[in-house]
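The sequence shown begins at 135 in our numbering and counts up one residue at a time. To start, the structure under review is shown below, and the notes come after it.
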Amino acid sequence: MQASATTPAKANGESVATLERGLAVVRALAAAPSTRMRRSDLVRSTGLARATVDRVTRTLAHLGYLRIEDQDAVLAPRLSEIGNAYLAADPLTDAVDGPARRLADELDESVSVCVPDGDGARFVIQCPRRRAMAVTFHVGDLLPAERCAPGALFAADWDEDTWRHWRRRVTTGSDADFPALPPGTAPTAPERGEDFPGLVARAARTALAVDDQLVEPGLVAVAVPVAGPGGRVRCAVSVVSHTSRHTADSLTEYALPRLRACAEATAEALAESEPAPEAPSETVPSVHADALRAAKDELGADFLQSLARGLAVLTCLRAPGGRTLSEVAEATGLARATVRRSLLALVQLGYVAQDGRTFTLLPRVLELGHAPLSRLTFERIATPHLADLVRRVHDSASVSVLDGDDIRYVARVATTRIIGVDLGVGTRLPAYPTSMGRVLLAGLPPEDLADRLDRTAPEPLTGHTRTAPGELAAAVAEARGSGYALVDQELEEGLCSIAVPVRDRAGHVAAAVNVAAHAAQRGADSLREEVLPELRAAAGRIEADLAAASERNPGALPS
Ligand code: PHB
Numbered sequence: 135m136q137a138s139a140t141t142p143a144k145a146n147g148e149s150v151a152t153l154e155r156g157l158a159v160v161r162a163l164a165a166a167p168s169t170r171m172r173r174s175d176l177v178r179s180t181g182l183a184r185a186t187v188d189r190v191t192r193t194l195a196h197l198g199y200l201r202i203e204d205q206d207a208v209l210a211p212r213l214s215e216i217g218n219a220y221l222a223a224d225p226l227t228d229a230v231d232g233p234a235r236r237l238a239d240e241l242d243e244s245v246s247v248c249v250p251d252g253d254g255a256r257f258v259i260q261c262p263r264r265r266a267m268a269v270t271f272h273v274g275d276l277l278p279a280e281r282c283a284p285g286a287l288f289a290a291d292w293d294e295d296t297w298r299h300w301r302r303r304v305t306t307g308s309d310a311d312f313p314a315l316p317p318g319t320a321p322t323a324p325e326r327g328e329d330f331p332g333l334v335a336r337a338a339r340t341a342l343a344v345d346d347q348l349v350e351p352g353l354v355a356v357a358v359p360v361a362g363p364g365g366r367v368r369c370a371v372s373v374v375s376h377t378s379r380h381t382a383d384s385l386t387e388y389a390l391p392r393l394r395a396c397a398e399a400t401a402e403a404l405a406e407s408e409p410a411p412e413a414p415s416e417t418v419p420s421v422h423a424d425a426l427r428a429a430k431d432e433l434g435a436d437f438l439q440s441l442a443r444g445l446a447v448l449t450c451l452r453a454p455g456g457r458t459l460s461e462v463a464e465a466t467g468l469a470r471a472t473v474r475r476s477l478l479a480l481v482q483l484g485y486v487a488q489d490g491r492t493f494t495l496l497p498r499v500l501e502l503g504h505a506p507l508s509r510l511t512f513e514r515i516a517t518p519h520l521a522d523l524v525r526r527v528h529d530s531a532s533v534s535v536l537d538g539d540d541i542r543y544v545a546r547v548a549t550t551r552i553i554g555v556d557l558g559v560g561t562r563l564p565a566y567p568t569s570m571g572r573v574l575l576a577g578l579p580p581e582d583l584a585d586r587l588d589r590t591a592p593e594p595l596t597g598h599t600r601t602a603p604g605e606l607a608a609a610v611a612e613a614r615g616s617g618y619a620l621v622d623q624e625l626e627e628g629l630c631s632i633a634v635p636v637r638d639r640a641g642h643v644a645a646a647v648n649v650a651a652h653a654a655q656r657g658a659d660s661l662r663e664e665v666l667p668e669l670r671a672a673a674g675r676i677e678a679d680l681a682a683a684s685e686r687n688p689g690a691l692p693s
């Protein structure tokens, strides 16, 4: 950090330092298995003081970006909104998405798109083919330039600083900046480093680069550049295969004509979309100055304002073509001087670019957990919220989806209290006598619901099951009106449950979440009065995480 006698510079130095420490914790967690670490290990891996790690993790937890579970800190799905902001704001993502997906279909091979990032290549699109060979890399992952085909294309544009940084890295053999590299692969050997400038020159001459098992045995790839404004390489499109199907040469011969056509289509789409057409937009930053002030009142010195503001500013830059300082100040409610400090800190740390008055997000923001969080399943998103709910209400909680005429459990946390039914993930139950079933039926379009109701003949599973004609339709209509369904011993004697919907980004019912209790311990009134508010709050938290995690990753949705 620059030492300076003047107050603004000093204040800025402190903001940079606080933000840097906070983001170091995020990066350490992003590189850890399951994005989880003991806080004592975070102290070791970041070199920060224990008190700093505690303040950073408390601040991030307060913002919903991290969970603290006993001694562990775990990244929360909500953090993907930062990477999503970059992907939504960069016109490249939309321009290349269609052409890349079509290319993958035409060739029936995996296609990916990388952008230059420092001395590496960062994935922004992955169109994998489901094959025996596992897909190794995800959107957000960074590969060292000398270990992948896109890297040779990008290095043609490197400045002297980047080459110096790269040379130092390959000489010292440090791969620490590349957590996505397959474990057990050797770091770049200096001799491979010596070959690289020659590969770069050839790639620049031929507008083509080949990866013949540079990053992983068996993996072959061929990449071509897409030119951006000013003739610099804006991104590289790669076709990726396996030596069981192709050699590097046969893949080049097979893929090259269509790969070139894809690059051209992308360049055209990009030329039409750049410079960004309109100014900012509907997007509301997820963290506003008022919320930050309230957090400061609540957490006191434990709340790191510079970190929280920096993250608020990052998510606020989610606008095609970026935003000006005034626009950020207006959208976040933060003072201009505060926004200026945050923006300059983010520029200094390499997450934001400044072009005149405009600030835009850089691909490096994807290193803040985007790749590991993009692998989250719905079960992993929902389970911590169910566990939290169970801790509050002391009864079991579950999430299920509609599967034919049944509901199927996709996540569950049982209380230690024993209740009559044992329902693991994957269990199916008929939809009609269950609270989750009724909530899910209530979320169907009217025609689908009518069909289902027509073919459902409720059976008297207990003395309480509603079986008379029209009763099920009435219960479903009631669930739709009230936003919850309560079932009192209709599935099983002694079992009461209450459910609410979990909605996706579009507002459609994607799943239902319930709490089930022993009727002798908790009756309908207690479920409605004590459990329902907690259940609704839990559903809201699952929805917020799901919205962030599924924006670019349909795999996060329940299925
Ligand atoms: C990939 O998409 O997985 C990929 C692309 C280019 C490479 C290596 C891997 O050189």
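For every residue, glycine included, the Cβ atom is placed at its ideal position computed from N, Cα and C.
- Residue of Ala-654, Gln-260 and Pro-250 minimising C-alpha distance to Phe-288: Against the sequence shown, residue 288 aligns to sequence position 154. For the residues Ala-654, Gln-260 and Pro-250, the minimum Cα distance to Phe-288 belongs to Pro-250.
- Item | Enclosing alpha helix (DSSP H) for Asn-648 [first to last residue] | By 1-based counting over the sequence shown, the position of residue 648 is 514. Under the DSSP assignment, Asn-648 falls outside any alpha helix (DSSP H), being part of the beta strand (DSSP E) whose first and last residues are 643–652.
- Message: Taking 8 Å as the threshold (C-beta atoms), are Val-481 and Thr-449 in contact?
- Response: On the sequence shown, residue 449 is found 315 positions in, with the first residue counted as 1. On the sequence shown, residue 481 is found 347 positions in, with the first residue counted as 1. In this structure, Val-481 does not lie closer than 8 Å to Thr-449 by Cβ.
- Message: Does the contact criterion of 3 or more C-beta pairs under 8 Å hold for the segment 569–589 versus the segment 612–630?
- Response: By the Cβ criterion, the segment 569–589 is in contact with the segment 612–630, since at least three pairs of Cβ atoms, one from each stretch, lie closer than 8 Å.
- Task: Please find out if some non-hydrogen atom of the ligand PHB comes closer than 7 Å to the beta-carbon of Val-349.
- Result: As a working mapping, residue 349 is identified with position 215 in the sequence shown. Distances taken from the Cβ of Val-349 to the heavy atoms of the ligand PHB include one shorter than 7 Å.
- Put Gln-347 into one of helix, strand or coil per three-state DSSP. Taking the first residue of the sequence shown as position 1, residue 347 is located at position 213. Residue state, collapsed to three classes: coil.
- Task: Could you tell me the distance, in whole angstroms, from the CA atom of Asp-638 to the CA atom of Pro-692?
- Result: Translated into the one-based positions of the sequence shown, residue 638 becomes position 504. Translated into the one-based positions of the sequence shown, residue 692 becomes position 558. Answer to the nearest angstrom: the Cα atoms are 10 Å apart.
- Query: Under a Cβ-count criterion, where at least 16 other Cβ atoms within 10 Å of its own Cβ denotes burial, should Pro-324 be classed as buried or exposed?
  - Reply: The residue given as residue 324 occupies position 190 in the sequence shown. With fewer than 16 Cβ atoms within 10 Å of its Cβ, Pro-324 is classed as exposed.
- Query: In terms of residues, what are the limits of the alpha helix (DSSP H) holding Ala-640?
  - Reply: As a first step, residue 640 must be located in the sequence shown, where it is residue number 506. Bounds of any alpha helix (DSSP H) do not take in Ala-640, whose DSSP letter is neither H nor E.
- Item | One or two residues paired with Phe-493 in a DSSP bridge | Stepping through the sequence shown from its first residue, residue 493 is reached at position 359. Note: Phe-493 sits in a beta bridge opposite Arg-457 and Gln-488.
- Message: As a quick exercise: from Asp-293, Thr-386 and Pro-284, pick the residue whose alpha carbon is nearest that of Val-349.
- Response: Position 215 of the sequence shown holds residue 349. For Val-349, the nearest C-alpha among the options comes from Pro-284.
- Query: Comparing the CB of Ala-283 with every heavy atom of the ligand PHB, is any distance shorter than 7 Å?
  - Reply: Counting from 1 along the sequence shown, the entry for residue 283 is found at position 149. At least one heavy atom of the ligand PHB lies less than 7 Å from the C-beta of Ala-283.
- Paired residues, beta bridge with Gly-254 - DSSP: Within the sequence shown, the letter at position 120 stands for residue 254. Under DSSP, the beta-bridge partners assigned to Gly-254 are Asp-251 and Pro-278.
- So does Asp-251 have its beta carbon nearer than 7 Å to some heavy atom of the ligand PHB? Within the sequence shown, the letter at position 117 stands for residue 251. Within the chosen limit of 7 Å, the ligand PHB does not reach the beta carbon of Asp-251 with any heavy atom.
- Message: Which runs of the beta strand (DSSP E) at least 3 residues long sit entirely within the segment 159–241? Give them in chain order.
- Response: Segments of the beta strand (DSSP E) lying fully in the segment 159–241: 170–172, 200–203 and 206–209.
- Task: Would you kindly check if the distance between the Cβ of Thr-494 and the Cβ of His-528 is under 8 Å?
- Result: Indexing the sequence shown from 1 puts residue 528 at position 394. Indexing the sequence shown from 1 puts residue 494 at position 360. A distance of 8 Å or more separates the beta carbons of His-528 and Thr-494.
- Message: Counting beta carbon pairs with one atom in the segment 294–311 and one in the segment 512–529, are three or more of them shorter than 8 Å?
- Response: Counting Cβ pairs under 8 Å, fewer than three are found: no touch.
- Would the beta-carbon of Val-247 fall within 8 Å of that of Arg-686? Counted from its first residue, the sequence shown places residue 247 at position 113. Counted from its first residue, the sequence shown places residue 686 at position 552. Going by C-beta atoms, Val-247 is not nearer than 8 Å to Arg-686.
- Same chain, Cβ closer than 7 Å to Glu-513, five either side skipped, listed in chain order: Sequence index remark: in the sequence shown, residue 513 carries index 379 (1-based). Shown here for Glu-513: same chain residues with a beta carbon closer than 7 Å to its own, the five before and five after excluded, namely Val-544, Ala-545 and Val-559 in chain order.
- Message: For Pro-351, tell me which candidate among Ala-505, Cys-282 and Ala-370 has the shortest Cα-Cα distance.
- Response: Working through the sequence shown from its first residue, we reach residue 351 at position 217. With distances taken between Cα atoms, Pro-351 lies closest to Cys-282.
- Item | Distance, Ala-338 Cα to Asp-431 Cα | On the sequence shown, residue 431 is found 297 positions in, with the first residue counted as 1. On the sequence shown, residue 338 is found 204 positions in, with the first residue counted as 1. Their Cα atoms are separated by approximately 56 Å.
- Exposed or buried, what is Asp-345 when buried is set at 16 or more other beta-carbons lying within 10 Å of its beta-carbon? Looking up residue 345 in the sequence shown gives position 211. Taking a 10 Å sphere around the C-beta of Asp-345, we find 16 or more other C-beta atoms and assign the residue as buried.
- Item | His-504 burial status per 10 Å Cβ neighbour count (16 or more: buried) | Working through the sequence shown from its first residue, we reach residue 504 at position 370. In summary, His-504 is buried, with 16 or more beta-carbon neighbours lying within 10 Å of its beta-carbon over all protein chains present.
- Of the residues Thr-227, Pro-359, Pro-317 and Phe-312, the one placed nearest Asp-291, counting alpha carbons only: Counted from its first residue, the sequence shown places residue 291 at position 157. The shortest Cα separation from Asp-291 among Thr-227, Pro-359, Pro-317 and Phe-312 belongs to Pro-359.
- Bridge partners of Ser-372, per DSSP? Here the question's residue 372 lines up with position 238 in the sequence shown. The secondary-structure analysis by DSSP pairs Ser-372 across a beta bridge with Ser-246 and Ala-357.
- Item | Ala-234: CB within 7 Å of a non-hydrogen atom of the ligand PHB | For the purposes of this step, residue 234 is taken as the residue at position 100 of the sequence shown. No, the beta carbon of Ala-234 sits no closer than 7 Å to any heavy atom of the ligand PHB.
- Tell me, which residues are paired with Ala-633 by DSSP? Numbered from 1 along the sequence shown, position 499 holds the residue referred to as residue 633. Paired residue(s): Ala-619 and Asn-648.
- Task: Please classify Asp-431: does DSSP put it in a helix, a strand, or coil?
- Result: On the sequence shown, position 297 is the one that residue 431 refers to. Helix.
- Query: Leaving out five residues before and five after Val-354 in sequence, what residues of the same chain have Cβ atoms less than 8 Å from its Cβ?
  - Reply: Taking the sequence shown and counting its residues from 1, one reaches residue 354 at position 220. So the qualifying residues of the chain are Val-344, Asp-345, Asp-346, Gln-347, Val-374, Ser-375, His-376, Thr-377, His-380, Thr-381, Ala-382 and Leu-385.
- Beta-carbon contacts of Ala-222 that lie in its chain and below 7 Å, excluding the five residues immediately before and after: Numbered from 1 along the sequence shown, position 88 holds the residue referred to as residue 222. These residues qualify, in order along the chain: Arg-452.
- Message: Can you check which of these residues, Arg-263, Phe-257, Pro-592 and Glu-664, is closest to Ala-279 by C-alpha distance?
- Response: The residue labelled residue 279 in the question sits at position 145 within the sequence shown. Phe-257 is the residue among Arg-263, Phe-257, Pro-592 and Glu-664 whose C-alpha sits nearest the C-alpha of Ala-279.
- Item | Span separating the alpha-carbon of Arg-491 from that of Leu-459 | Here residue 491 refers to the residue found at position 357 of the sequence shown. Here residue 459 refers to the residue found at position 325 of the sequence shown. If you take the alpha carbons of Arg-491 and Leu-459, they lie about 7 Å apart.
- Query: With respect to 7 Å, is the separation between the Cβ of Phe-312 and the closest non-hydrogen atom of the ligand HEM below this value?
  - Reply: As presented, the structure is devoid of the ligand HEM, carrying the ligand PHB as its sole ligands.
- How would you label Arg-201, buried or exposed, when you count the other beta carbons within 10 angstroms and need 16 or more for buried? What you label residue 201 is simply residue 67 of the sequence shown in a count that begins at 1. Counting the other Cβ atoms within 10 Å of the Cβ of Arg-201 gives 16 or more, which makes it buried.
- Message: So for Asp-311, helix, strand or coil by DSSP?
- Response: Position 177 of the sequence shown holds residue 311. In the structure shown, the three-state DSSP call for Asp-311 is coil.
- Using the beta-carbon count (16 or more within 10 Å), is Ser-476 buried or exposed? As a first step, residue 476 is located in the sequence shown; it is residue number 342 there, counting from the start. Under the 10 Å beta carbon count, Ser-476 is surrounded by 16 or more other beta carbons and is classified as buried.
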